[in-house]
Each structure stands twice: as C-alpha cells, then as structure tokens.
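What follows is a single structure, written as structure tokens, with notes after it.
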Amino acid sequence: MSTLVIKDLCAEVEGKPILKGVNLTISKGETVALLGPNGHGKSTLLNVLMGHPKYKVTKGEVLLDGKNILEMSTDERSKLGLFLGMQNPSEVPGVINSDFLRAAINEHNDKPVSTYQFYKLLDNATKEVKMPFDLATRGLNEGFSGGEKKRNEILQLILLNPEIAFLDEIDSGLDVDALQIVADVINKLKAQGMGFLVISHYARLYDLIKPTRAVVMINGRIAVDAGPEVANRIDKHGYEWIKTELGIEVAKEEKDMNTVSIGSCAVKESIK
Amino acid sequence: MKELLLDNISNNFVVDKNENFFINKFDGAKDIQITLNENVESVLSLLSLSGYEGNINIKISKDSRLEIYYADFAKNVTKTKVNISLEKGAKVIFHLASLTVENSNKLFTVSVDHDAVNTYSLIDNYGVVKGNGKLVFDGISYIKNGSVKSKTRQSAKIMVFDEKSIGIAKPILKIDENDIEASHGAVVGKISDEHLFYLMSRGLSEEKAKILITYGYLKPIMNGFDENIQATIEKLIEGKM
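Which chain is which? The protein sequence lines are A and B, in order. Residue numbering for the first sequence follows this note's numbering, starting at 629 and increasing by one per position. Residue numbering for the second sequence follows this note's numbering, starting at 163 and increasing by one per position.
This is the structure we're talking about:
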C-alpha cells in the first residue's frame with residue numbers, strides 16, 4: 629500500500645518562507661481534508677509535492693514508499709503515482725486536449741495505447757464526468773469555462789489513475805450538479821483504493837466525499853490532525869477556536885501595501 | 163496542388179486561373195517572380211528545408227486573392243525577402259512558421275505595397291527559437307497615397323526556448339493615406355513555466371512537453387499543406403528528421 633510521508637518540509641517562494649516544517653502522512657485509501665485560512669500554505673504544499681518550479685524546498689523530505697520524491701522531476705512524480713488537480717489549470721494554446729491526454733496515458737503505460745483503446749478510454753471517461761466529447765478535441769483548456777476546466781482535471785484523474793491525488797479547490801467554479809458528478813467520481817476512486825488530499829473551503833464537498841481525516845494548516849505547519857468532524861466545525865465556527873483551544877496565533881494573510889494610493893498621475897506606478 | 167519547379171536561371175510564374183501551388187525545392191534557386199492575373203484566387207504553399215536566400219516577388223492583380231503558407235525548417239543562415247504588391251481590390255494573407263535551431267540565423271523580411279484602393283494584407287508570423295539560434299521578423303506595410311479603404315495587419319509571435327536564443331520582431335507601418343486601417347502586434351517570450359509544469363505533472367518529460375507546445379504553436383501552418391507534407395512537418399517539429 630502506498631504511503632506518502634512528509635517530514636519537516638520547509639519551502640519558500642521568492643525568498644519568502646511559506647511552509648515552515650510540515651509533517652503529514654497520507655496512505656492510499658485515505659481521504660484527507662486539508663483545511664486552513666487563506667495564505668497559510670495549503671496550495672503551496674500541494675504544488676511543492678508535485679515539484680512546481682516556483683517553490684524552493686529549503687528543508688525536509690517527502691517519501692513515497694521510501695523514495696524521496698523531492699529528488700525527482702515533476703514527470704517522474706506523476707509516473708510514480710502522484711496527481712495534482714489544479715486550482716487554475718493552464719490554458720495551453722494550440723495543444724489539442726486529446727493529443728495531450730493520449731501522450732499522458734502513454735507515459736503511464738509500458739506500451740502506447742492504440743487509437744481504438746484510447747478512444748474507448750476517453751469516451752468512457754468523458755461520459756463519467758458528463759463532459760461533451762468535443763471538449764476533448766479542442767485546445768487544452770482553451771476557452772473552457774471554470775467548470776469545464778475542473779471537469780477536465782477530473783477526466784485526467786480518471787485516465788491516469790494515480791495512487792494518491794491532490795485536489796486543490798476542485799469544487800470552485802462548479803455548479804451543484806457538476807459538484808455531485810465530481811464527488812461521485814472521487815467516491816468511486818476512493819472505493820478502488822485511491823488516496824486523496826483535498827483542499828476545499830466549503831463543507832459541501834466534504835459532506836459528499838466523507839473524508840477519513842481532516843488536517844488544518846496554520847502558519848505553514850499542520851496544527852491539527854484529527855477526525856473528519858473538524859471540517860464541519862470549521863465550516864460552522866471558523867478558525868477562532870484554534871487560538872483559544874490550542875494557543876496558536878493565526879497570522880493574518882499578509883498583503884504588501886500599494887506603493888501609491890491615488891489614481892491618474894500614479895497609474896504607472898500602481899500597475900507595476 | 164501543382165508543384166512549381168525552380169531553377170537557377172529564371173523563375174517566372176503567371177497564375178491565370180484558380181489553382182494552388184507548392185514549392186519545396188529551393189536549392190540554389192534565383193529570385194522567384196509570381197504574378198496573379200486579375201480575378202484569380204490561389205494558395206501558395208512553401209516548405210523550406212534547406213533554406214532560401216533570395217527574393218520572392220509577388221504581384222497580385224486587380225480583385226485577386228493569394229494566401230501564402232511558408233513553413234521554414236532550415237538549419238542554416240538565411241535572408242529571405244518577400245515583396246508583395248497589391249493592385250485595386252487585391253488581397254494577401256501571409257502565414258509564416260519558422261523553427262530556428264542551434265547555429266541558425268534567419269532574417270525574414272515581408273513587405274507589402276498597397277498600391278491602390280481597397281487592398282488588404284495580413285502578415286501572420288510564428289517562430290520558435292532554440293539554442294543560440296536567432297530569428298528576426300521584419301514586416302513592412304506601405305499604404306501609398308490614394309489607397310483609401312485599404313487594411314493591413316501584422317502579427318508576430320516568437321517563442322524563445324533557451325537563454326541564448328534571440329527573437330526579434332520589427333513591424334513597420336508606412337502610411338501615406340487617411341481613411342485606412344493599420345495595426346500590428348508583436349510578442350517575444352519564453353515558454354511558460356506554468357504550461358510546462360502542467361504538462362509535466364501529467365507525466366510528460368520536459369522534452370516531450372516542449373515538443374507538444376511547439377507543435378501547437380506552429381500548427382496553424384499545417385492548414386496550407388496536404389497530409390503527406392503535414393506528416394513531414396510533424397516529424398520535423400519532433401526533431402525526427
């Protein structure tokens with residue numbers, strides 16, 4: 629059974645520390661809700677786990693079944709069984725969605741899939757996420773609505789069938805029906821043993837996928853690692869109780885002040 | 163699609179009916195002169211593997227329309243000049259896709275003279291530069307005095323792959339008349355880290371991701387070629403030739 633072990637992970641972006649010693653273990657078959665206020669490092673953690681070039685790891689290790697993935701390139705991590713469903717999937721002009729999907733599937737298989745096999749896989753997966761088949765033949769996420777982009781992420785999740793999937797606000801931009809479709813797919817894959825680490829700001833998704841654990845990220849660390857009921861508590865009461873019960877001061881999201889505050893003559897400065 | 167064969171003495175072609183043409187052997191060819199007679203619609207597709215150093219002079223007569231697809235995959239140093247003149251009501255659409263690799267240095271100058279009223283030109287150039295390659299797109303649209311109601315548009319996009327890669331776009335609009343439309347846009351930039359990360363997060367190696375992105379970028383040129391040539395271009399982009 630695959631297990632991902634994160635030990636004392638520290639990472640920064642452009643010299644600014646974001647992750648300050650994350651410790652977390654996720655096993656295949658678990659569904660872990662990742663909660664926390666804005667700006668405390670949730671998305672950073674998922675991007676660092678997948679090897680985004682913007683983030684620099686300064687300390688710690690991440691082991692997937694004993695192998696340190698931090699020494700691997702992003703594509704190697706994918707082939708090892710990790711997947712990141714992105715918050716804002718890129719629009720890549722000119723790259724046809726189905727060409728990309730086929731190339732991705734082939735990277736995960738020993739033998740390239742035949743045209744017929746690929747068509748069947750794609751046909752089944754698009755039906756499962758109720759995505760019009762023609763979206764698969766268009767440019768990758770090009771001109772897709774927010775909801776279509778998220779369905780395309782879930783389509784890729786189905787086709788690549790990872791060991792552990794990280795989902796970053798996969799529910800944002802989805803209407804009620806689409807959310808149910810996404811939740812159904814997650815539940816099906818859960819039942820097949822896939823592991824999940826899921827960021828969401830809304831209890832609705834968690835109500836549908838029923839996490840096995842909930843962890844809360846505060847100030848770049850995992851401050852709470854508890855049962856799934858924590859997700860409901862945060863939905864109802866916010867994060868204040870963490871300060872009163874655990875004595876952790878929750879840092880406010882830092883935003884640099886604008887260097888100028890008025891329009892016209894300062895426009896050039898303010899759009900920098 | 164009829165192939166135009168070039169030689170090193172004279173290359174004069176006259177198009178007097180609706181017909182499409184193809185050139186893919188440029189070796190040592192002298193200047194090329196193509197004249198479209200009046201009321202003709204034609205497509206001219208060019209595939210350059212060895213590079214072409216010279217002038218392609220194109221005259222488009224009254225109310226004729228020419229669409230040009232120029233796919234350049236040469237690996238050497240070239241200076242190619244395309245001079246187009248437009249008579250009354252004539253239209254030209256020029257598409258260029260250039261893959262410029264290590265040790266290549268290429269200059270493409272596309273100049274369009276709008277000699278009469280109601281003329282139209284679109285120059286649409288795409289380039290990818292790798293290694294220490296250098297690619298320059300010069301575009302000159304000249305709307306002459308008296309050419310009212312004419313329109314010109316220049317677009318140049320160059321993607322540079324490496325730190326040493328150089329891409330330059332120099333659009334020039336020379337306008338001697340009012341009551342016309344003229345615009346240009348140029349983008350030179352490196353491949354997006356976000357796009358690469360996205361593709362690599364699905365298991366594609368950096369190299370494969372770059373091929374897919376390059377292919378997507380240069381693909382619009384495919385529309386000007388038949389299936390055999392499309393397959394050749396695909397292999398060229400993948401570096402298999």
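We put the CB at the ideal spot given by N, CA and C, even for glycine.
Report task. Kindly list the residues whose CB is nearer than 6 Å to the CB of A:D693, restricted to its own chain and excluding five residues on each side of it in sequence; keep chain order. Result -> S630
Query raised in the report: Can at least three beta-carbon pairs, one atom from the region 636 to 645 of chain A and one from the region 782 to 802 of chain A, be found at a separation below 8 Å?
Result: no
Requested in this report: Measure the C-alpha to C-alpha separation of B:E343 and B:S312 and round it to an integer number of angstroms.
Outcome: For B:E343 and B:S312, the distance between alpha carbons rounds to 6 Å.
Query raised in the report: Would you say A:V720 faces chain B, with C-beta separation under 8 Å as the test?
Result: yes
Query - Exposure label - A:T702; buried when at least 16 CB within 10 Å - result: By the 10 Å Cβ count, A:T702 comes out buried.
Query raised in the report: What did DSSP end up calling B:V202 once you bin it into helix, strand or coil?
Result: The three-state reading of DSSP puts B:V202 in coil, since its state is none of H, G, I, E or B.
Query raised in the report: CB B:N245 to CB B:S273, shorter than 8 Å?
Result: It is a contact, given that the beta carbons lie within the stated cut-off.
Query raised in the report: Does the region 315 to 322 of chain B touch the region 665 to 683 of chain A, meaning 3 or more C-beta pairs lie closer than 8 Å?
Result: no
Query raised in the report: Counting Cβ pairs, one atom from each stretch, are 3 or more of them under 8 Å apart for the region 222 to 239 of chain B and the region 380 to 389 of chain B?
Result: Contact between the region 222 to 239 of chain B and the region 380 to 389 of chain B is present, because at least three Cβ pairs lie under 8 Å.
Query - Rounded separation between A:L749 and A:I786 - CA only - result: The straight-line gap from Cα to Cα measures roughly 9 Å.
Query raised in the report: Under three-state DSSP, which class holds B:G289?
Result: Reduced to three states, the DSSP call for B:G289 is strand.
Query raised in the report: Can you check whether the CB of A:F728 is closer than 8 Å to the CB of A:A597?
Result: Residue coverage of chain A in this structure runs from 629 to 900, which leaves residue 597 of chain A outside it and unanswerable.
Report task. Go to A:R841, then tell me how far its beta strand (DSSP E) extends in each direction, as first and last residue. Result -> 841 to 846
Query - Spatial neighbours of A:R849 in its chain, beta-carbon cut-off 7 Å, leaving aside the 5 residues before and after - result: K648, G649, V650
Report task. At 7 Å on the CB atoms, spell out the chain A contacts of B:R364, in chain order. Result -> One finds S706, A732, Q784, L788 in chain A with Cβ atoms closer than 7 Å to the Cβ of B:R364, taken in chain order.
**Report entry** Distance, A:M759 Cα to A:E704 Cα
**Finding:** Approximately 29 Å between the Cα atoms of the pair.
**Report entry** Segment contact flag, the region 325 to 335 of chain B with the region 355 to 367 of chain B, C-beta cutoff 8 Å, min 3 pairs
**Finding:** With the rule of 3 Cβ pairs closer than 8 Å, the region 325 to 335 of chain B does not count as touching the region 355 to 367 of chain B.
Requested in this report: Using a Cβ-Cβ cut-off of 8 Å, state whether B:I328 counts as contacting chain A.
Outcome: no
Report task. Could you spell out where the beta strand (DSSP E) holding A:I876 opens and where it closes? Result -> Run containing A:I876: none; DSSP gives neither H nor E here.
Requested in this report: Show which residues of chain A have a CB atom less than 8 Å away from the CB atom of B:Y446.
Outcome: This structure cannot speak to residue 446 of chain B, because chain B is shown only from 163 to 403.
Requested in this report: Measure the Cβ-Cβ separation of A:V723 and A:G767 and say whether it is below 8 Å.
Outcome: yes
**Report entry** Backbone secondary structure at A:Q715 - three-state DSSP
**Finding:** coil
Query raised in the report: From A:T672 to A:S742, what does the alpha carbon distance come to, in whole angstroms?
Result: Taking the straight line from one Cα to the other gives about 37 Å.
Query raised in the report: Which chain B residues are close to A:T702, counting only those with a beta carbon under 8 Å from its beta carbon?
Result: Result: F359, M362, S363.
**Report entry** Residues of the region 745 to 778 of chain A whose Cβ lies closer than 7 Å to any Cβ of chain B, in chain order
**Finding:** Those residues of the region 745 to 778 of chain A that come within reach of chain B (Cβ to Cβ, closer than 7 Å) do not exist; the list is empty.
Query raised in the report: Can A:L783 be considered in contact with the ligand SAH, in the sense that its beta carbon sits closer than 7 Å to one or more heavy atoms?
Result: The ligand SAH is not part of the structure shown, which contains no ligands of any sort.
Requested in this report: Mind listing the chain B neighbours of A:E735? Cutoff is C-beta to C-beta under 9 Å, in chain order.
Outcome: R364, G365, L366, S367, K370
Query raised in the report: Are there 16 or more other CB atoms within 10 angstroms of the CB of A:P740, so buried, or fewer, so exposed?
Result: With fewer than 16 other CB atoms across the displayed protein chains lying within 10 angstroms of its CB, A:P740 is exposed.
Requested in this report: Determine the extent of the beta strand (DSSP E) in which B:Y304 is found, giving its start and end residues.
Outcome: 296 to 305
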